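Heads up, the sequence shown is in my numbering, so the first residue is 1 and it goes up one at a time.
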Amino acid sequence: GLKKWVEVGNSGVFRPELLLPMGLPENVTVIAWGLSLERPTMIKYGINNIRELVGHRVDLQMVYDSPLCRLDV
1 GLKKWVEVGN SGVFRPELLL PMGLPENVTV IAWGLSLERP TMIKYGINNI RELVGHRVDL
61 QMVYDSPLCR LDV
């Protein structure tokens with residue numbers, strides 16, 4: 001194990017300007033939360049920088065070699 005705490009979730013409050021286009025009134029507060037797969041994936045594959053897993057720097061060979069990636073379907 002890592003022998004340290006690792007963030008695997010996040011939460012927050014939606015800003016009003018994001019809610020208005022959805023037709024929600026200004027006095028409504030919306031909260032959101034969720035779990036992520038990025039950190040556990042980084043631990044499993046020994047990735048130290050999240051930018052190597054998410055974004056334009058992703059090593060496509062790692063994606064192709066992953067047992068979870070099925071390109072033959």
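From the three backbone atoms N, C-alpha and C, an ideal C-beta is built for every residue, glycine too.
Small disclaimer: the values here were computed from a predicted structure and weren't measured.
Q | Supposed contact pair GLU38 and LEU53 - C-beta distance, whole angstroms, cut 8 Å | A | On the sequence shown, residue 53 is found 53 positions in, with the first residue counted as 1. On the sequence shown, residue 38 is found 38 positions in, with the first residue counted as 1. Their Cβ separation, rounded to whole angstroms, is 6 Å, which keeps LEU53 and GLU38 in contact under 8 Å.
Q | Sub-9 Å separation of GLU26 and LEU19 beta-carbons | A | Counting from one through the sequence shown, the residue named residue 26 turns up at place 26. Counting from one through the sequence shown, the residue named residue 19 turns up at place 19. Closer than 9 Å, so yes.
**Q.** Length of the line joining the Cα atoms of VAL8 and VAL63
**A.** The residue labelled residue 8 in the question sits at position 8 within the sequence shown. The residue labelled residue 63 in the question sits at position 63 within the sequence shown. Per the coordinates, the alpha-carbon of VAL8 lies some 21 Å from the alpha-carbon of VAL63.
Q.
Need the endpoints of the beta strand (DSSP E) that ILE31 sits in, please.
A. Numbered from 1 along the sequence shown, position 31 holds the residue referred to as residue 31. Here the beta strand (DSSP E) through ILE31 covers 31–35.
Q.
I'd like the span of the alpha helix (DSSP H) that includes VAL63, first residue to last.
A. Indexing the sequence shown from 1 puts residue 63 at position 63. Membership of VAL63 in the alpha helix (DSSP H) is indicated by the continuous run 60–65.
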